[in-house]
Amino acid sequence: MLRGTLPEPTPSTAWFWEAAARGELHVQACDACDGRHFPPRPFCPSCGSRDVTALRCSGRATLHSYVINHMVPKDGDGPYAVAVVRLEEGPMMMTNIVDCPQTPEALMLDMALEVVFDRVSDTITLPKFRPAGAAASGEAA
């Protein structure tokens, strides 16, 4: 990943990045309306309540949409899929699909996915997704 393109933890998102570093995927749950949302923010986007808490996710998702980026930076790998996945808990998140060919034939909509974590710096571990049941490789590609 290119320098300068990494997320910057803020007071509102530090808990998410700390959980990812532990190999845990979390979203927020609203204690007022039971809505679940991502990305992290200090209020519920559905009802406006500030009574939100972290919810540990199963790590299971389905592929909702994607685009295959063929315009790879000179120091990057590619092509690579930029995807939107729907977490089993409800929210959608933008991510990358790894551990499979980056082709339309391999990236089928609604395919079952599981989270893997890619430690890209001392402070950032990115949640990425691979096809469910793919051989464990330790870290995401």
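The sequence shown begins at 1 in UniProt numbering and counts up by one.
Note that CB positions come from ideal geometry on N, CA and C, so glycine has one too.
Predicted, not measured: the structure shown is a model, and the values here were computed from it.
- Taking one beta carbon from each stretch, the segment 3-17 and the segment 119-128 have 3 or more pairs nearer than 8 Å; the two touch.
- Straight across, the Cα-Cα distance linking Asp-31 with Pro-73 is about 42 Å.
- By the Cβ rule, the segment 85-97 counts as touching the segment 56-67, because three or more pairs are nearer than 8 Å.
- Non-local beta-carbon contacts of Arg-56 in its own chain, meaning distances under 8 Å to residues more than five positions away in sequence, involve Ala-19, Glu-24, Leu-25 and His-26 in chain order.
- Here DSSP, grouped into helix, strand and coil, assigns Glu-18 to helix.
- Beta-carbon to beta-carbon, Ala-132 and Ala-112 are separated by about 4 Å, close enough to satisfy the 8 Å threshold.
- Looking from the CA of Ser-49, the closest CA among Gly-78, Cys-33 and His-70 belongs to Cys-33.
- If the five residues before and after Phe-43 are omitted, its C-beta is found closer than 8 Å to the C-beta atoms of Ser-49, Arg-50 and Val-52, all from its own chain and listed in chain order.
- A Cβ-Cβ distance of about 11 Å is found for the pair Pro-79 and Ile-97, leaving them out of contact under the 8 Å criterion.
- Between Asp-118 and the set Arg-22, Arg-36 and Cys-100, the nearest pair of CA atoms involves Arg-22.
- In the structure shown, Gln-102 adopts coil according to DSSP, grouped into three states.
- Take the alpha-carbon of Met-108 and the one of Gln-102: they are about 11 Å apart.
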